[in-house]
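Engineer: Numbering (this note's numbering), first residue to last: 731 to 955. For glycine and all other residues, C-beta sits at the position ideal for the given N, C-alpha and C. This structure is a prediction, so every number in the text was calculated from the model and none was measured.
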């Protein structure tokens, strides 16, 4: 009886947080639509984008460029593949199949959605500096996918962390890394500030949906009997 009461209480808590998560995702979707309107239709971000990029480039230095290249590499497909191979091996040994599926879905889904949005919107990349980068610009793929991947990784780690202190540290570290990847794209001249913001908004929407889906899968597995 006590076990059943605890289960019902846990399900009630989950439904509450799932509702909050979906509400947050809908708010973010509205913000993204408004951001597209401001950036692409009304073009009110053009001057601000240029000022921000030029302001960041005032700090240009060879050593900073090397650091930016390393940071931006942490948001590339090559790095994700290498990181995932190790992570999947680690999770597979512990039979954490839901976690593996969650990471794959979050990563590939985020990448696919980003490519779809870029193909639909077709915003050209910045041309203030001579950089070699192909594809469209809006929203930033590095910003969007890094938020999805590192956000999900942080969620999966912190849900197993026993001390709340570790949870804050892990989320802070993930947040700083994601922000640094976004900043590196502006510094390298391959994305406008508005591209990066759009990537973060879209990434947050997809991450919230994937986290809710992951928690549903965990509870379904725990209650299968």
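Flag this pair as yes or no: are the beta carbons of residue 935 and residue 798 separated by less than 8 angstroms?
Structural biologist: In the chain shown, the residue the question calls residue 935 occupies position 205. In the chain shown, the residue the question calls residue 798 occupies position 68. It is not a contact, given that the beta carbons lie outside the stated cut-off.
Engineer: In angstroms, rounded to a whole number, what distance separates the CA positions of residue 870 and residue 823?
Structural biologist: Residue numbering aside, residue 870 sits at position 140 when the chain shown is read from its first letter. Residue numbering aside, residue 823 sits at position 93 when the chain shown is read from its first letter. Rounded to the nearest angstrom, the two C-alpha atoms are 34 angstroms apart.
Engineer: Enumerated in chain order, which unbroken segments of the alpha helix (DSSP H) with a length of 4 residues or greater are wholly contained in the segment 818-879?
Structural biologist: Runs found: 827-851.
Engineer: Suppose contacts are defined by Cβ-Cβ distances below 8 angstroms. Is residue 847 in contact with residue 933 by that definition?
Structural biologist: The residue labelled residue 847 in the question sits at position 117 within the chain shown. The residue labelled residue 933 in the question sits at position 203 within the chain shown. The answer is no: Cβ separation not under 8 angstroms.
Engineer: Is it true that the CB of residue 853 sits closer than 8 angstroms to the CB of residue 770?
Structural biologist: For this step, residue 770 is matched to residue 40 along the chain shown. For this step, residue 853 is matched to residue 123 along the chain shown. It is a contact, given that the beta carbons lie within the stated cut-off.
Engineer: Could you check if residue 889 is buried or exposed, using at least 16 other CB atoms within 10 Å of its CB as the buried criterion?
Structural biologist: On the chain shown, position 159 is the one that residue 889 refers to. Its Cβ having fewer than 16 others within 10 Å, residue 889 is exposed.
Engineer: Count the other C-beta atoms from every protein chain shown that fall within 10 angstroms of the C-beta of residue 915, then say buried if there are 16 or more, exposed otherwise.
Structural biologist: Along the chain shown, read from residue 1 onward, the residue named residue 915 stands at position 185. Residue 915 should be labelled buried.
Engineer: Report the start-end ranges of each beta strand (DSSP E) in the segment 896-930 that is 3 residues or longer and not cut off at the edges.
Structural biologist: None, since the segment 896-930 contains no complete beta strand (DSSP E) of that length.
Engineer: Using C-beta distances below 7 angstroms, list every residue in its chain close to residue 925, excluding the 5 sequence neighbours before and after it, in chain order.
Structural biologist: Your numbering for residue 925 matches position 195 in the chain shown. So the qualifying residues of the chain are 867, 868, 869, 870.
Engineer: Could you check whether the Cβ of residue 841 sits closer than 8 angstroms to any Cβ belonging to chain B?
Structural biologist: No chain B appears in the structure shown, which is made up of a single protein chain.
Engineer: Could you check where the alpha helix (DSSP H) with residue 776 kicks off and where it finishes?
Structural biologist: Position 46 of the chain shown, counted from the first residue, corresponds to residue 776. Note, residue 776: alpha helix (DSSP H), 776-787.
Engineer: Rounded to whole angstroms, what is the Cα-Cα separation between residue 811 and residue 803?
Structural biologist: Taking the first residue of the chain shown as 1, we reach residue 811 at position 81. Taking the first residue of the chain shown as 1, we reach residue 803 at position 73. Distance between the alpha carbons of residue 811 and residue 803: 12 angstroms.
Engineer: Assign residue 950 to buried or exposed, taking buried as 16 or more other Cβ atoms, counted over all protein chains shown, within 10 Å of its Cβ.
Structural biologist: Against the chain shown, residue 950 aligns to sequence position 220. Exposed, because fewer than 16 other Cβ atoms sit within 10 Å of the Cβ of residue 950.
Engineer: Do residue 875 and residue 943 come within 8 angstroms of each other at the CB atom, strictly closer than that value?
Structural biologist: As a first step, residue 943 must be located in the chain shown, where it is residue number 213. As a first step, residue 875 must be located in the chain shown, where it is residue number 145. Contact: no.
Engineer: With distance defined between alpha-carbon atoms, name the residue in 751, 772, 786 nearest to residue 913.
Structural biologist: Taking the first residue of the chain shown as 1, we reach residue 913 at position 183. Nearest option by C-alpha distance: 786.
Engineer: Select from 920, 778, 910, 837 the residue whose C-alpha is nearest the C-alpha of residue 941.
Structural biologist: What you label residue 941 is simply residue 211 of the chain shown in a count that begins at 1. When only C-alpha atoms are compared, the closest one is 837.
Engineer: In its own chain, which residues sit with a C-beta less than 6 angstroms from the C-beta of residue 751, not counting the 5 before and 5 after it?
Structural biologist: As a working mapping, residue 751 is identified with position 21 in the chain shown. 938, 942, listed in sequence order.
Engineer: Could you give the C-beta distance for residue 886 and residue 832, rounded to a whole number, given that I count them as a contact under 8 angstroms?
Structural biologist: As a position in the chain shown, residue 886 is number 156, starting the count at 1. As a position in the chain shown, residue 832 is number 102, starting the count at 1. Correct: roughly 7 angstroms between the Cβ atoms.
Engineer: In angstroms, rounded to a whole number, what distance separates the CA positions of residue 775 and residue 835?
Structural biologist: Numbered from its first residue, the chain shown carries residue 775 at position 45. Numbered from its first residue, the chain shown carries residue 835 at position 105. Taking the straight line from one Cα to the other gives about 32 angstroms.
Engineer: State the start and end residues of the unbroken alpha helix (DSSP H) segment that holds residue 790.
Structural biologist: Working through the chain shown from its first residue, we reach residue 790 at position 60. Where residue 790 is concerned, there is no enclosing alpha helix (DSSP H), given that its DSSP letter is neither H nor E.
Engineer: DSSP three-state call for residue 949: helix, strand or coil?
Structural biologist: Along the chain shown, one-based indexing puts residue 949 at 219. Helix at residue 949.
Engineer: Taking the beta carbon of residue 906 as the centre, do at least 16 other beta carbons fall within 10 Å, making it buried, or is it exposed?
Structural biologist: Position 176 of the chain shown holds residue 906. By the 10 Å Cβ count, residue 906 comes out exposed.
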